[in-house]
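Here the structure is laid out as structure tokens; the discussion comes afterwards.
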Ligand SMILES: Cc1cc2nc3c(=O)[nH]c(=O)nc-3n(C[C@H](O)[C@H](O)[C@H](O)COP(=O)(O)O)c2cc1C
Ligand SMILES: Cc1cc2nc3c(=O)[nH]c(=O)nc-3n(C[C@H](O)[C@H](O)[C@H](O)COP(=O)(O)O)c2cc1C
Ligand SMILES: Cc1cc2nc3c(=O)[nH]c(=O)nc-3n(C[C@H](O)[C@H](O)[C@H](O)COP(=O)(O)O)c2cc1C
Ligand SMILES: Cc1cc2nc3c(=O)[nH]c(=O)nc-3n(C[C@H](O)[C@H](O)[C@H](O)COP(=O)(O)O)c2cc1C
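Residue numbers (full-length UniProt numbering), protein chains in the order written: chain A, 1 to 365; chain B, 1 to 365; chain C, 1 to 365; chain D, 1 to 365.
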């Protein structure tokens with residue numbers, strides 16, 4: 001398997017860069033504007049440092065997580081990404097298979113290539129809703145997800161409007177013709193074809209639309225794209241089941257606060273009443289643990305598993321998750337954390353010192 | 001139109017660099033001393049980050065602004081710059097036309113190439129006064145502006161003395177002979193010709209001179225070049241109509257505080273009694289919104305529209321404003337801001353993390 | 001002697017880089033993950049600055065230190081490192097000889113190539129215990145150290161589990177066949193041979209195992225690998241003789257806090273009841289004094305003396321210690337510190353300013 | 001005059017680099033250890049930013065300063081540097097001539113090439129004492145300075161011990177044979193010749209030696225090399241006339257706090273009872289004003305005037321001072337400071353933002 005020599009997620013990134021043409025790469029790697037936000041998510045995570053307690057003597061840490069009742073083998077979910085047909089001919093199927101094999105949940109995007117029926121067959125999943133068309137259209141999509149036993153409905157609130165993705169535009173990216181929208185077709189919203197360079201209009205996701213969605217479904221509603229603590233407090237009050245702190249991987253607005261840096265304020269606002277998840281910039285097991293220590297119940301990864309998909313299909317996705325698992329086991333042991341369900345906050349501190357890059361030569365062989 | 005492929009203001013900067021010879025470029029881009037101040041204005045803006053509230057559900061934000069009674073389509077003005085003949089044969093005319101077309105105010109410099117009559121024909125404007133010659137000379141210039149219906153008199157207080165513009169000197173810049181001073185001629189101050197390498201003496205703009213100007217005119221007086229909160233407080237007490245926080249784009253003193261970083265203290269000193277505007281380093285819609293969130297009523301842009309002018313004349317200037325408009329619409333929607341007249345302060349936070357530039361390869365296609 | 005032209009420890013580093021093949025270099029220089037932790041230890045030290053008091057008038061500072069009763073000529077020990085056979089055919093012997101010649105203590109790793117008998121002949125030492133095999137195996141190893149008059153038993157608690165050393169893996173490092181484990185053989189634990197790429201399992205070093213070790217020995221027990229103040233407080237309560245603040249030179253976990261930055265909190269937790277030692281990133285006499293001012297009794301150096309060993313055997317190690325001695329004498333004189341046993345805390349301050357590297361050209365001849 | 005095209009002190013630095021061989025350059029530019037301290041002095045100054053008050057309306061600022069009674073045309077002195085024969089055949093003479101021409105004080109080093117009689121003929125000066133030989137030797141040197149009307153006795157306390165100047169050693173610097181020590185000969189301490197690579201032993205400058213010097217002389221005693229506020233307080237108590245905050249330009253200890261950053265604490269400790277001077281890293285008029293705003297009475301420059309000397313002899317030194325004068329006039333006008341004798345502290349603020357160097361291309365023509 002080609003991914004055997006890939007030792008950390010940076011390696012998968014490089015492998016994906018090689019596997020993809022410039023336009024697809026720009027679509028995947030880039031974000032809004034000057035891509036500052038993309039880099040800032042990662043840079044902010046590096047500023048948080050760990051303070052191990054090795055004498056706790058943990059040989060066999062429990063990496064499992066309770067993700068709204070789902071017994072995940074890791075506190076990690078696969079963030080919704082689309083269109084995955086860009087990166088693999090089978091699009092979502094190998095992703096869901098790998099997730100199932102690894103015992104983690106994929107969040108299936110409403111904009112998937114395959115029908116939800118086909119994807120749901122691969123294993124348990126959360127469904128991420130984008131609101132297209134009439135209220136009836138949306139209701140039918142929700143029903144479809146319910147009927148296929150989605151474990152939760154993820155409502156992404158930070159992507160109602162198109163954004164200014166300059167890296168993508170500069171690279172001349174256009175959705176290629178082989179990309180289809182299988183769930184659109186299955187829910188009866190459209191024939192599943194969208195002309196290149198077209199973005200289907202979505203509802204701006206307001207408090208009222210959220211109420212409508214909450215009324216229409218018995219599924220747990222998870223709101224993705226929360227950065228402001230006041231929004232978190234209001235969402236708790238309105239009875240959502242969880243929130244995902246996220247700036248959409250820097251793809252919507254170039255200048256937002258890093259997800260990890262706003263996480264503590266959101267956790268405080270949630271006040272323990274609902275789980276808080278987080279995504280954006282997670283590139284290692286240490287990153288995952290930093291988020292857990294700061295109060296997250298679990299994190300999502302976006303680009304990293306797509307690197308795996310582009311590099312080696314289902315095996316690539318599985319290996320990405322597996323690298324994270326190995327790293328998490330390692331970090332938990334070194335830290336003396338016996339269960340990822342309970343990572344003490346005093347294991348992280350924030351530092352003012354930055355690594356200067358000019359010294360990299362020294363450790364490279 | 002050549003500017004169609006230019007997606008953000010950085011692109012216009014690159015286009016202008018190509019269009020201009022080294023000496024003109026140095027005059028435009030450079031500042032005082034080592035140019036630290038020029039870069040610092042922009043770097044400081046990047047440190048402020050945004051915290052969106054998307055569920056506010058704003059589809060169609062109002063970008064309009066009340067700029068001392070003028071219904072601007074954007075909270076943006078074109079800062080006074082001179083001599084524009086360096087960058088376009090028609091100098092100020094395409095700038096004022098583009099501003100009028102876009103529904104924003106240009107601030108016309110006293111050192112314009114064309115007569116104020118010719119410029120005023122292009123649309124509404126503010127007039128920026130430099131004090132040359134006798135009190136009568138200045139009074140005649142004020143009368144000229146009043147007679148042509150200037151909406152406000154901008155008194156620039158930070159440019160009374162020549163500054164040490166090293167980049168310009170090193171590039172061997174000298175004012176070329178085709179540059180004229182049309183307003184000087186029209187006001188009767190001079191024949192409108194200034195020998196190369198000559199700087200006409202201006203009055204040091206003191207509190208007393210400001211009193212004199214305020215007595216001479218019924219126009220609203222706007223003071224440009226305020227950085228110290230104590231000056232702002234005194235200006236409020238003396239009844240000026242507005243202040244512009246500015247370090248003259250880093251062109252007067254290399255080591256000043258960044259405009260955005262001193263803005264909050266000035267806003268506090270103004271205590272809501274007069275509007276506070278700001279310029280220096282604004283390069284995107286996000287930058288504009290950061291200034292608004294920190295209390296500015298509007299911002300001015302200097303170099304960016306000159307890039308448009310140098311790259312493509314009136315259309316270039318129009319496109320620069322239009323890019324900002326699109327960015328502002330985008331940012332306002334993503335932030336959940338329904339009107340730029342009211343941007344809550346809690347949408348911005350300051351961060352300690354810096355982007356390391358060595359990672360730029362990753363997002364470039 | 002080839003090391004005569006080597007003026008500071010950076011020079012020894014470069015000399016060692018030249019002397020070693022890529023794989024050995026990666027093993028020595030690299031750490032866990034992306035090597036951020038390795039660089040961070042050094043970068044953090046550079047942020048602390050000194051505030052001399054030259055008028056104290058110290059011509060001949062006392063550099064001696066009482067290291068748990070051992071009269072060291074310097075507040076410096078040689079950290080345990082293994083396998084030293086990688087860097088010199090005689091492995092530990094020249095290290096212990098040089099330490100003895102210089103009047104400092106080497107900490108002999110349990111994973112040494114030579115028998116402890118052979119090493120102990122070179123001079124006084126501390127013994128660093130890794131726990132392999134049965135309780136009887138460990139007890140026999142402790143007895144061996146006691147019988148050879150080890151002055152203390154160093155229990156390394158941060159290396160119970162293998163870590164993810166990517167630089168080493170990427171360089172294709174494998175333990176070469178000439179490496180043996182002489183103390184394993186001598187204590188009767190094994191025949192002293194470990195197949196390449198094998199890591200012998202060690203006990204996870206828990207509080208209970210520590211109790212077991214403390215019960216088994218009359219030697220002072222020193223715990224190495226403490227980063228969390230709560231652990232330090234607990235270790236004091238359990239009666240250990242000293243702690244070494246250390247993140248194992250960044251080799252176990254890539255994202256830990258820098259040793260120097262967590263030192264003050266550990267010193268506070270120890271509350272003067274036991275000595276606190278520290279290692280990680282010490283590269284100069286000034287670094288040593290910073291640690292002493294922040295409350296350390298002594299520091300250990302790891303990589304620096306291995307650079308000396310690789311460059312020039314016993315003489316190289318001696319010279320590295322001697323450079324530190326000269327630097328310490330120099331820094332103490334400049335600071336006005338008459339004895340390294342008592343370095344006032346107010347001689348160090350922390351700065352926010354970083355050196356920009358692009359200016360290096362100026363001072364290089 | 002070749003220095004006409006040199007616009008700021010950076011330009012003089014480049015000119016000197018060209019004029020000097022590698023060894024002399026290393027001696028001049030380098031410092032102790034890794035030269036971090038040299039760069040840190042300058043970097044720290046860049047972090048302080050100015051907040052102008054232009055409406056104060058200052059056309060013709062008074063740049064004069066009262067330097068212990070000497071009516072200096074600028075709040076600038078020439079720091080003692082030696083041996084100047086390295087940089088010009090006439091050594092100190094052109095320096096003292098240029099200082100006199102410019103109306104500022106040179107501080108003449110005890111290690112000068114010429115006799116103090118010859119130097120004193122060029123104009124008023126301060127004498128900087130190093131203590132060599134017996135108490136009688138030192139007393140004779142003090143008498144010599146008094147007889148030649150030195151205005152003050154500068155006692156350098158931070159250079160009693162040789163330091164580890166690695167840049168100099170690496171460049172193979174050795175004092176060339178043409179260097180003589182004219183004041184040593186004149187005072188009768190020696191024949192004025194010192195073998196290359198020899199450093200004459202000096203007294204460690206203790207409180208007691210300082211008492212001795214104070215008793216021996218009626219001249220004002222100025223102590224150079226103060227960084228710790230406790231030392232400043234003690235010096236005030238002992239009745240010295242002034243202190244110079246200095247880390248000897250980074251030449252004695254690589255890791256000291258930057259002079260500008262410790263200045264405020266020293267000023268507080270001096271409590272207005274004696275003037276506080278400062279040197280280290282001053283490279284522009286703005287740097288001078290920052291020091292004045294933070295409480296300094298005057299600053300010294302070291303390397304900058306030596307650049308002038310190396311580039312163009314007396315004219316070069318004069319031009320360096322003149323550039324500073326032009327910059328000071330400019331900065332004072334822009335700031336609205338009417339007299340450098342009184343620079344308000346609220347004109348400076350400290351910033352956390354750093355300039356990223358990669359953007360330099362933009363302003364260079
Ligand atoms: C190529 C790509 C496509 C994405 N598509 C969606 C999507 O369809 N729905 C959604 O809610 N988020 C989408 N996202 C955002 C991710 O769910 C997630 O928030 C983000 O990727 C996390 O940051 P990371 O990539 O740094 O891990 C997408 C992200 C990427 C990179
Ligand atoms: C080429 C150029 C010419 C300028 N001329 C004037 C002027 O005539 N009057 C004035 O008040 N400000 C002048 N300024 C300053 C601008 O009004 C404004 O303060 C500054 O450009 C804002 O910074 P920015 O360029 O980063 O947007 C000039 C600026 C530039 C770049
Ligand atoms: C090559 C190498 C081998 C090491 N082996 C051991 C060991 O056997 N036992 C141990 O406790 N620490 C070991 N360490 C860690 C050191 O004792 C010490 O904590 C670390 O090197 C200090 O950081 P420094 O190298 O920056 O000085 C080793 C370190 C290195 C570099
Ligand atoms: C080449 C050179 C020689 C020096 N010689 C002396 C000296 O003889 N006596 C003294 O007190 N300081 C000496 N100094 C230190 C200076 O007086 C002053 O403190 C320092 O140069 C200030 O820093 P700057 O060079 O960044 O301006 C010397 C400095 C240099 C660069």
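We put the CB at the ideal spot given by N, CA and C, even for glycine. Since the model is a prediction, treat every value here as computed from it, not as a measurement.
For residue 251 (chain B), same chain residues with a beta-carbon under 7 Å away, outside a window of 5 residues either side, are 31, 32, 163 and 165 in chain order. The region 273-286 of chain B and the region 241-249 of chain B touch, with no fewer than 3 CB-CB distances between them shorter than 8 Å. A buried status is given to residue 264 (chain D), since no fewer than 16 other beta-carbon atoms sit within 10 Å of its beta-carbon.
Residue-level contact by beta carbon holds for residue 330 (chain B) and chain A, with a gap shorter than 7 Å.
Only exposed fits residue 193 (chain B), as fewer than 16 other CB atoms lie within 10 angstroms of its CB. Chain D has no Cβ within less than 7 Å of the Cβ of residue 217 (chain B). Straight-line measurement puts the Cα of residue 327 (chain D) at about 43 Å from the Cα of residue 188 (chain D). A straight line joining the alpha-carbon of residue 124 (chain B) with that of residue 94 (chain B) spans about 14 Å. When CB distances to chain B are screened at a threshold of 7 Å, not a single residue of the region 277-294 of chain A falls below it.
Listed along the chain, the chain B residues whose CB falls inside 8 Å of the CB of residue 157 (chain A) are 54 and 55. Contact with chain D is found for residue 349 (chain C), since one of that chain's Cβ atoms lies less than 7 Å from the residue's Cβ.
In this structure, ligand 2 has a non-hydrogen atom nearer than 6 Å to the beta-carbon of residue 246 (chain B). Secondary-structure assignment with DSSP links residue 109 (chain D) through a beta bridge to D:128. The beta carbon of residue 14 (chain B) sits no closer than 7 Å to any beta carbon of chain A. Here the C-alpha atom of residue 313 (chain C) lies approximately 7 Å from the C-alpha atom of residue 88 (chain C).
Around residue 22 (chain C), the same chain offers 171 as residues with beta carbons nearer than 6 Å, after the five sequence neighbours per side are excluded.
The criterion of a C-beta distance shorter than 7 Å is satisfied by residue 298 (chain B) and residue 67 (chain B). Contact annotation for residue 256 (chain C) against chain A: 49, 50, 51 and 52 [CB-CB distance below 8 Å, chain order]. Residues of the same chain with a CB within less than 8 Å of the CB of residue 199 (chain D), apart from the 5 flanking positions on each side, are 162 in chain order. Annotated three-state conformation of residue 54 (chain B) is helix, per DSSP. Note: residue 278 (chain A) is bridge-paired with A:245 and A:299 in the DSSP secondary-structure output.
Each of A:56, A:232 and A:34 was checked against the Cα of residue 339 (chain A), and the nearest Cα belongs to A:56. One thing to note: residue 144 (chain A) has its Cβ within 7 Å of the Cβ of residue 116 (chain A). Taking 8 Å as the cut-off between beta carbons, the residues of the region 57-82 of chain D near chain B are 57, 58 and 59, in sequence order. When DSSP reads this structure, residue 191 (chain C) sits in no beta bridge, so it has no partner. Residues of the same chain with a CB within less than 8 Å of the CB of residue 205 (chain D), apart from the 5 flanking positions on each side, are 131, 155, 156, 157 and 160 in chain order. Taking C-beta separations shorter than 8 Å and ignoring five residues to either side along the sequence, the partners of residue 196 (chain D) in its chain run 174, 175, 176 and 177, following chain order. In this structure, DSSP gives residue 256 (chain C) an extended state, which the three-state scheme calls strand. Counting along the chain, the unbroken alpha helix (DSSP H) around residue 285 (chain A) starts and ends at 285-293. Counted as a single uninterrupted DSSP element, the alpha helix (DSSP H) harbouring residue 166 (chain B) occupies residues 166-170.
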